Each structure stands twice: as C-alpha cells, then as structure tokens.
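Colleague:
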Amino acid sequence: MIQLLAFLFCFTSFTGFALAKSSHYKSVFGVRVDAKLSRHIRIVSWVCLLASALMSMWHQFGYGSILLCGYMAVSVMCLALLLSYMPAKLRSLIYLLPGLLVITAVLALL
Amino acid sequence: MVISHIGTWFKSAPFLVCSRFFAAIVGGYVFSAIAVSLLAAVVPLPKTDSVLLAVSLSILVYACVFIWVFSVRALRKVYGILILLGTCQALLLAFIKGWL
Amino acid sequence: MKDSFFRSMTWLHTWTGLLVCWLLFLIFFAGTLSFFRHEITFWSQPAVHDVAPQDNRVLAQQGQISAALQHLEANAVEADTWWVGLPSERNHVIEVSYKDKGKEGERGQWHDQYMDPNTEETLGEYRDSHGGLFFYRLHFDLHYMDRTVARWLVSFASLFMLIGLISGVVIHKRIFKDMFQFRKGKGVRTWLDAHNLSSVLALPFHIMITYTGLVTLIFMLFPYPAMTQYDEGKKAFFADLSPSRQHADITGRTVEMLPMKQLVDQFYTDWPHVDIKRVIVDHPSDETARLKFYANTGTKIQDEMPVWVYNTVNGELIMTENTDFSASETLYDSMIALHTGRLSLPGLRWLFFVCGIAGCVMIGSGAVMWAKRIRERMKADQTASFGLRLVEGLNLATIMGLPVATAAFFFANRLLPDSYTGRAEAEIHLFFLGWLGVALMALYKAGTAQWRQLAQLNAVLWLALPICNALTTEGNLVSYIFKEQWVLAGFDILCLLTAAVFYIQSRKLASKQAAKPAVNKALKGQAV
Numbered sequence: 010m011i012q013l014l015a016f017l018f019c020f021t022s023f024t025g026f027a028l029a030k031s032s033h034y035k036s037v038f039g040v041r042v043d044a045k046l047s048r049h050i051r052i053v054s055w056v057c058l059l060a061s062a063l064m065s066m067w068h069q070f071g072y073g074s075i076l077l078c079g080y081m082a083v084s085v086m087c088l089a090l091l092l093s094y095m096p097a098k099l100r101s102l103i104y105l106l107p108g109l110l111v112i113t114a115v116l117a118l119l
Numbered sequence: 040m041v042i043s044h045i046g047t048w049f050k051s052a053p054f055l056v057c058s059r060f061f062a063a064i065v066g067g068y069v070f071s072a073i074a075v076s077l078l079a080a081v082v083p084l085p086k087t088d089s090v091l092l093a094v095s096l097s098i099l100v101y102a103c104v105f106i107w108v109f110s111v112r113a114l115r116k117v118y119g120i121l122i123l124l125g126t127c128q129a130l131l132l133a134f135i136k137g138w139l
Numbered sequence: 034m035k036d037s038f039f040r041s042m043t044w045l046h047t048w049t050g051l052l053v054c055w056l057l058f059l060i061f062f063a064g065t066l067s068f069f070r071h072e073i074t075f076w077s078q079p080a081v082h083d084v085a086p087q088d089n090r091v092l093a094q095q096g097q098i099s100a101a102l103q104h105l106e107a108n109a110v111e112a113d114t115w116w117v118g119l120p121s122e123r124n125h126v127i128e129v130s131y132k133d134k135g136k137e138g139e140r141g142q143w144h145d146q147y148m149d150p151n152t153e154e155t156l157g158e159y160r161d162s163h164g165g166l167f168f169y170r171l172h173f174d175l176h177y178m179d180r181t182v183a184r185w186l187v188s189f190a191s192l193f194m195l196i197g198l199i200s201g202v203v204i205h206k207r208i209f210k211d212m213f214q215f216r217k218g219k220g221v222r223t224w225l226d227a228h229n230l231s232s233v234l235a236l237p238f239h240i241m242i243t244y245t246g247l248v249t250l251i252f253m254l255f256p257y258p259a260m261t262q263y264d265e266g267k268k269a270f271f272a273d274l275s276p277s278r279q280h281a282d283i284t285g286r287t288v289e290m291l292p293m294k295q296l297v298d299q300f301y302t303d304w305p306h307v308d309i310k311r312v313i314v315d316h317p318s319d320e321t322a323r324l325k326f327y328a329n330t331g332t333k334i335q336d337e338m339p340v341w342v343y344n345t346v347n348g349e350l351i352m353t354e355n356t357d358f359s360a361s362e363t364l365y366d367s368m369i370a371l372h373t374g375r376l377s378l379p380g381l382r383w384l385f386f387v388c389g390i391a392g393c394v395m396i397g398s399g400a401v402m403w404a405k406r407i408r409e410r411m412k413a414d415q416t417a418s419f420g421l422r423l424v425e426g427l428n429l430a431t432i433m434g435l436p437v438a439t440a441a442f443f444f445a446n447r448l449l450p451d452s453y454t455g456r457a458e459a460e461i462h463l464f465f466l467g468w469l470g471v472a473l474m475a476l477y478k479a480g481t482a483q484w485r486q487l488a489q490l491n492a493v494l495w496l497a498l499p500i501c502n503a504l505t506t507e508g509n510l511v512s513y514i515f516k517e518q519w520v521l522a523g524f525d526i527l528c529l530l531t532a533a534v535f536y537i538q539s540r541k542l543a544s545k546q547a548a549k550p551a552v553n554k555a556l557k558g559q560a561v
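Chains as they are written, first to last, in the working numbering: chain A, 10 to 119; chain B, 40 to 139; chain C, 34 to 561.
(1) Would you verify that the beta carbon of Gly-39(A) is, or is not, closer than 8 Å to some beta carbon of chain C?
(2) How many Å lie between Leu-556(C) and Ala-413(C) at the Cα?
(3) Evaluate the contact criterion for the region 59-74 of chain C versus the region 195-211 of chain C: three or more CB pairs, one atom per stretch, below 8 Å.
(4) How would you label Pro-292(C), buried or exposed, when you count the other beta carbons within 10 angstroms and need 16 or more for buried?
(5) Would Val-83(A) count as contacting chain C if we go by Cβ distances under 8 Å?
(6) Counting only Cβ pairs nearer than 7 Å, list the residues of chain C close to Ile-50(A).
(7) Which residues in chain C sit within 9 Å of Leu-92(A), going by Cβ to Cβ distance?
(8) With a CB to CB cut of under 7 Å and the five nearest residues on each side skipped, what residues in its chain are close to Tyr-244(C)?
(9) Go through its chain and collect everything with a Cβ distance to Pro-499(C)'s Cβ below 7 Å, but skip five positions before and after it.
(10) Closest to Val-56(B) by CA distance: which of Ala-113(B), Leu-130(B), Tyr-68(B) is it?
(11) CB-CB under 8 Å to Lys-325(C), same chain, minus the five flanking residues each way: which ones, in chain order?
(12) Please confirm whether Met-64(A) has its beta-carbon closer than 8 Å to some beta-carbon of chain C.
(13) Please classify His-239(C): does DSSP put it in a helix, a strand, or coil?
(14) Just to confirm, are Ala-82(A) and Leu-59(C) a CB contact at a threshold of 8 Å?
(15) Starting from Ser-110(B), follow the alpha helix (DSSP H) in both directions and report where the run begins and ends.
(16) Is the CB of Val-387(C) under 8 Å away from at least one CB in chain A?
(17) Contact check, Leu-96(B) vs Leu-78(B) under 8 Å by CB: the rounded distance?
(18) Does the beta carbon of Ile-120(B) come closer than 8 Å to any beta carbon on chain C?
(19) Given a cut-off of 8 Å, decide if His-372(C) and Thr-249(C) are closer than it, judged by their beta-carbon atoms.
(20) Establish whether the CB of Ala-79(B) and some CB of chain C are separated by less than 8 Å.
(21) What does a CB cutoff of less than 8 Å around His-462(C) pick up in its chain, not counting 5 residues either side in sequence?
(22) Short of 7 Å in beta carbon distance, which residues of its chain neighbour Ser-74(A), apart from the five on each side in sequence? Order them along the chain.
(23) Could you spell out where the alpha helix (DSSP H) holding Gln-486(C) opens and where it closes?
(24) For Arg-406(C), which residues in the same chain have their Cβ closer than 8 Å to its Cβ, ignoring the five residues on either side in sequence?
(25) So if I threshold CB-CB distances at 9 Å, which residues from the region 218-243 of chain C count as touching chain A?
(26) For the region 94-120 of chain B, which residues have a CB atom closer than 8 Å to at least one CB atom of chain C, in sequence order?
(27) Do you know whose CA, among Leu-427(C), Leu-487(C), Gln-518(C), Ala-503(C), lies nearest Val-534(C)'s CA?
(28) Give, in chain order, every unbroken run of the beta strand (DSSP E) that is at least 3 residues long and sits entirely within the region 41-127 of chain C.
(29) Looking at the C-beta of Asp-83(C), does it have a partner C-beta in chain B at a distance below 8 Å?
(30) Along chain C, in chain order, which residues have C-beta atoms closer than 8 Å to that of Leu-132(B)?
(31) Nearest-angstrom Cα distance between Phe-70(B) and Ile-240(C)?
(32) CB Ser-61(A) to CB Ser-36(A), shorter than 8 Å?
(33) Just to confirm my understanding: we take Val-288(C), look at its own chain, exclude 5 residues before and 5 after, and list those with CB closer than 6 Å. What are they?
(34) Measuring only the C-alpha atoms, how far is Gln-103(C) from Gly-266(C)?
(35) Residue range of the beta strand (DSSP E) that Ile-309(C) falls in?
(36) Excluding the 5 residues flanking Val-53(A) on each side, which residues of the same chain have their C-beta closer than 7 Å to its C-beta?
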C-alpha cells in the first residue's frame with residue numbers, strides 16, 4: 010500500500026510539473042497559466058516528489074531508489090500519452106488525485 | 040603526381056572520419072587500459088579492492104576519452120595528447136611495478 | 034567552439050547510433066525478456082504449472098535440502114558435482130542436478146531432475162526446452178557463433194550505446210524542458226518526440242543498464258588491472274577475490290562422507306532461519322569434497338550470494354564468504370546486481386520491463402527517424418539510394434521481425450512433440466527461421482504496405498498464442514485467474530496486449546496508406 014501511495018505522489022508531482030508549463034496547462038484547461046500559479050504548482054510538485062522519495066525509500070534505501078526511478082518513468086509515460094491523446098481526461102484526473110491520495114493514505118495507515 | 044594524390048587522400052573526409060574513429064576506439068581503449076591499470080597500482084587499497092575499483096571505473100574513463108576525441112577539432116592534437124599522456128602513464132606504471 | 038562541439042556530438046550520435054542500432058535492438062529486446070527469464074521457463078514447462086507454491090518456504094527448506102541430497106546420494110554416487118536449487122519466489126520446484134565426471138579433457142554433462150517441494154518426490158519427464166534461458170543467452174552470447182566473438186560484438190554495441198546516450202543528452206538539450214511533449218501525427222517530428230520521450234523517461238535506467246552491462250563483461254574487456262596487479266594474471270586475482278569458487282582437482286582418493294542429513298542438520302543448528310537459494314557438493318566422495326550453502330540475497334542490492342563451505346568428512350566449517358563487502362566490492366557487486374535485477378520483487382520487475390521496452394522504442398524510433406529524414410529530404414523524382422533501402426529493410430526486419438520470431442519460438446514450445454529429438458535446438462531454429470522469413474521479405478521491399486502486413490501478422494500470431502496454449506495444455510487464461518496463477522495469467526494477458534498494440538499499429542498504417550494516394554493525387558492535380 011505504501012508503495013502505491015509513493016507512486017501516486019510521484020504521479021501527482023509530475024502532473025504538477027507538466028501543468029506548470031504554459032503549453033500543457035493550456036491544452037488541459039484552455040487558458041494560459043499565470044506565473045504565480047505556475048510557481049506554486051512547481052513548489053507543490055517538489056514537495057510531492059520528496060514525499061514519494063521518502064516513502065519509497067522508507068524500508069530499504071537502495072531498493073527504494075530504484076523503485077523511485079521506475080515510478081518516475083511510468084509517470085512521465087502516462088502523462089505524455091494523456092496530454093497528447095486525452096487532455097480533457099487529465100483534467101478530471103487532477104480533481105480525482107487528491108481524493109485518491111487521501112484514500113490510499115488512510116488504507117496504508119490502517 | 041602519385042604523391043600529391045596520396046596527400047589529398049590523407050585529407051579526404053572518409054580518411055579523417057576513419058582516423059578519428061580509430062583514435063577513439065583503439066586509441067581510447069589502449070589509453071584507458073593503461074590509465075585504469077595505473078589507477079589500480081596507485082590507490083592505497085588491498086589488491087583485490089584496487090582491481091575492482093579500477094575495472095568498475097574503466098568504462099567511464101573509456102567513454103570520456105571517446106567523447107573527448109570527437110569534441111576536439113584538430114586530429115593531430117588528439118593523437119598527440121593520447122600518445123603523450125598514454126606513454127607517460129605507461130612509464131609511471133612500469134616504474135611503480137619495477138619493470139624498468 | 035561551443036557550436037562545433039554541438040555539431041560533432043550530433044554527428045557522433047547519428048552515426049554511432051545507426052551503425053549498431055539493429056544489434057542493440059536485439060540485445061535490448063532479449064535482455065528485456067530476460068527480466069522474466071524464470072517466468073518464461075516456467076511457462077514453457079506445462080508439467081510443473083500445477084505444482085503448488087508453499088506457504089512457508091524458508092521453514093520447509095531444511096527437509097527439502099536433505100531429501101534432495103539423499104536422492105543424489107542414492108542415484109549419483111559417481112558424479113563430479115551435485116547441485117540443488119531451492120524453490121524461490123519465482124520458481125516453485127526443487128531443481129536436483131548432477132554433473133558427470135567428464136572423459137579426459139572434456140566437460141561432464143549435466144543431468145537435471147526436478148522435485149515437487151510439497152511431496153519431495155521427483156517429477157516426471159521435463160520438456161526439452163531452453164525457455165527463458167534462450168533469451169538470456171541471446172542477450173549476450175547471440176547464437177550460431179563463437180561465444181567470445183559474440184561477447185566482443187555485444188560489448189562494442191553497448192559502448193556505442195553509452196556514447197550515443199551521452200551525446201544524445203548533449204544534443205537534445207531541451208529534452209528535460211519538453212519532457213512531456215508528444216506531438217502526434219506530425220511525421221518525423223512525432224518520431225523525434227517518441228525517441229526523446231522514451232529515452233528521457235527512462236534515462237537513469239538506460240545509462241545504468243548500459244554501463245552495468247559493460248561491467249558484467251569487464252574482465253574480458255579490461256583484464257589489465259588484474260593482470261598488472263597479479264604476476265600470475267587474472268586467475269590469481271579470482272583466486273584471491275573468491276576462494277570459495279576455487280575447487281581443487283579430483284584426486285581420486287575416495288573418502289567416507291558423513292551422511293548428508295547430518296551435515297544439513299548441523300548447518301541449521303549453526304545458522305537457523307537462513308533463506309537458502311542453492312546447495313552444491315563439489316566432488317562427492319572424493320577427498321576434496323566440499324559442501325556449500327548459498328543464501329538468498331532477497332531484495333538486497335547484492336549479486337554474490339553469501340556462502341558457507343563445509344568439509345564433508347568431519348563437518349567442519351572451512352570458510353564463509355560474501356557476508357561482508359569492502360567499498361570496492363560493494364561498488365562492483367551492486368552494479369552487477371542492478372543489471373541482472375535478480376533482487377526485484379514483481380513490482381520492480383515490471384518497472385524494469387517497462388523501462389526495457391522504452392529502450393527498444395528509443396532504439397527503434399531512432400533508426401526509423403534516420404530513414405524518414407532522408408526520405409523527406411528527397412525530391413519527388415529521386416529514387417532511394419541503396420543505403421537508404423538497406424536501412425529501411427533492416428529496420429523493418431528487426432523491429433517487426435523479432436516479435437514474429439519470439440512468437441514462433443513460443444509456438445514451437447507448445448506444438449513440437451515431446452519425443453522430437455533435439456527439441457530444444459529445434460525451437461531455437463524456428464525462432465531464427467521466423468526471423469529470416471521476415472528479413473527476406475523486408476529486404477525485398479520495406480514500404481508502408483509491408484509494415485502493415487507484418488503488424489497484422491504479429492497481431493494474429495500473438496492473439497493465437499494464448500489460444501494455442503489453452504488448446505495444448507490443461508489451463509487457460511480463465512483457469513489461471515481462478516487458480517491465482519498470476520505468472521501464467523500475466524503471460525497470456527501480455528500476449529493479448531501485444532496483439533492489441535500490433536492491431537492498433539496496423540489500423541494506423543492502413544489509414545496512412547489510404548491517405549497517401551489521395552495526397553499524391555492532389556499534388557498531381559496541382560501540377561496539372
């Protein structure tokens with residue numbers, strides 16, 4: 010469960026990195042992103058990535074760091090495909106992600 | 040006429056490309072072989088450890104030399120530096136090992 | 034100066050890449066499949082599909098080792114080596130093998146048998162098949178050629194791959210900036226995006242796997258540090274590095290060994306709760322006989338297994354090894370461990386697999402892009418040069434041919450009769466025959482039509498594979514899911530996914546093919 014949470018954090022983080030870029034933000038929301046929002050998104054993304062790193066390396070540092078590389082690869086792949094084939098779907102996913110994170114976190118804690 | 044023909048051939052693009060690849064692949068290989076052997080000889084570690092460290096780094100050395108060969112414009116400089124540094128290292132290695 | 038560096042790197046990236054891309058594709062393809070080497074082997078042996086895994090693997094090991102060694106004691110007294118592989122997370126059966134004493138100057142032959150871990154009885158005839166081992170060997174030994182030559186070729190290609198990766202990062206400076214960019218339906222630009230995306234998303238993996246791959250062959254490539262440090266050369270180095278690997282020659286003087294059960298019990302009193310991976314007896318009944326226990330390293334980034342070596346006559350512990358690494362040993366050993374990925378649990382294994390596929394896409398798209406660029410620059414009335422047609426042919430032959438060949442290999446495993454002599458070799462021949470067929474077709478002509486036909490062929494083959502499996506074995510996808518046999522279910526699902534991907538590809542190519550004549554007509558209309 011904790012690994013799923015780590016992956017979700019990683020995915021959220023890279024979603025953030027993508028949305029911080031004006032071209033991708035525009036393809037998802039249809040409007041330009043302003044500089045302040047973009048910066049905020051980027052900060053949140055870094056925090057998420059850090060959280061993901063901590064979680065994946067919690068049990069074993071070496072194994073976890075390889076896992077993290079894998080998570081990043083899969084996240085980037087999914088995002089690139091989503092952004093180019095169904096940007097509208099990504100929009101609903103963005104609203105879903107925090108919910109998913111909370112549910113997984115609760116399940117991981119139980 | 041034959042001589043001038045050979046002279047232009049030495050400056051032709053295919054020859055220069057082949058020569059550069061030769062410098063990178065063979066020259067780089069020999070150079071890194073000497074460099075890592077020297078590294079194994081000078082690091083103050085037990086013998087097995089020094090060998091393992093040297094071989095683990097050997098590909099890195101080779102790759103760096105390879106890239107460097109292609110990044111320098113003058114081919115003569117490439118050969119000059121490779122041969123000069125390689126010989127120096129070989130001499131140093133031979134001196135340390137007491138082969139001379 | 035900066036500009037010239039950039040240009041020389043572009044040049045280097047293009048040409049080193051093009052020179053070795055097809056061999057590299059093969060290496061990456063086979064290597065990616067090798068991450069599932071044991072799973073493929075398991076799939077190719079229907080006889081063991083229904084052997085149930087154990088609930089408490091480690092606890093059962095003591096009895097299993099004793100049973101296996103007693104079996105060998107009874108059946109292979111005259112052997113040179115006994116070899117027992119314990120069940121692990123990926124392999125359910127006990128492997129019980131022994132090696133003959135070879136005749137003068139020859140290596141002895143291995144005889145493999147398998148035991149059910151639950152009943153500790155030997156299982157029936159095994160199918161003569163290499164399974165996943167074939168892809169593992171293909172990955173660095175190739176096939177039909179001398180092993181040393183093959184390894185040098187593979188190393189050469191890997192070196193160029195490393196150079197390609199470094200120069201690639203230099204020339205595509207913007208790859209990290211446009212990380213998520215994939216512009217579909219834009220010709221060469223789409224291929225460039227696919228190339229960049231597949232390389233950047235798994236860049237740590239690509240660099241790691243190429244570098245560590247070279248390190249696995251390092252004592253062939255760079256034996257010089259070992260040779261200069263040790264007067265007797267490489268052999269002396271290995272003897273110094275790992276004494277447990279050295280075995281003395283058989284002297285021929287037989288001794289009375291302690292009963293195997295007693296030795297195993299003694300090991301377990303000294304070291305309870307160790308997860309054992311394999312047990313080897315060198316030269317049983319000879320005075321040089323040694324009993325070795327190898328521990329499972331689990332998910333630790335360590336490739337060399339901790340080993341305990343016992344004297345079989347008096348039960349004395351002679352040495353332990355690989356329990357405590359120095360910094361250099363850790364550096365070297367962890368690189369090997371990262372490359373082989375034996376440490377991975379299923380989750381990480383799939384991530385490795387996905388990254389391997391990304392590597393294949395990277396190499397394939399790079400090669401295709403080269404040809405597309407040249408085509409684009411050509412004038413309408415120009416005919417393609419021999420070089421361009423060769424590249425296009427080889428691209429098609431490798432990228433679409435390898436999946437066909439792999440499918441042929443799997444079909445051969447299911448359809449060749451068990452009694453066929455030289456069955457394992459025949460499977461491999463069929464792999465290469467399938468590939469040869471595609472290659473001949475591709476080298477004859479490699480246009481959109483051929484790509485589409487081969488995509489269709491692949492789709493049909495991969496769709497038929499689970500069906501063929503269901504018809505020739507007891508199980509099928511539904512039963513696998515109900516019985517929770519995830520490895521087999523995963524295999525079938527992966528086949529279906531592959532078929533789906535090829536189907537989508539053929540549809541895309543068909544629409545492209547339909548669009549092309551229309552464009553040509555429009556152009557002609559303008560000209561008129």
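We treat Cβ as the ideally placed atom computed from N, Cα and C, and that holds for glycine.
Computed from a predicted structure; not experimentally measured.
Modeller: So, from the listed chains and residues:
(1) no
(2) In this prediction, Leu-556(C) scores a pLDDT of 49, lower than 50, which makes its location untrustworthy; no coordinate-derived value is stated.
(3) no
(4) exposed
(5) yes
(6) Simply none; closest approach about 14 Å.
(7) Phe-213, Gln-214, Phe-215
(8) Leu-195
(9) Leu-510, Asp-525, Cys-528, Leu-529
(10) Ala-113(B)
(11) Ser-277, Val-312, Ile-313, Val-314, Asp-315, Val-340, Trp-341, Val-342, Tyr-343
(12) no
(13) helix
(14) no
(15) 86-110
(16) yes
(17) 7 Å
(18) no
(19) yes
(20) yes
(21) none
(22) Met-66
(23) 481-505
(24) Val-221
(25) Asp-226, Leu-230, Ser-231, Val-233, Leu-234, Ala-235, Leu-236, Pro-237, Phe-238, Met-241
(26) Val-94, Ser-95, Ser-97, Ile-98, Leu-99, Tyr-101, Ala-102, Phe-105, Ile-106, Phe-109, Ser-110, Arg-112
(27) Leu-487(C)
(28) 114-118
(29) no
(30) Thr-261
(31) 23 Å
(32) no
(33) Glu-320, Val-346
(34) 40 Å
(35) 309-315
(36) Gly-25
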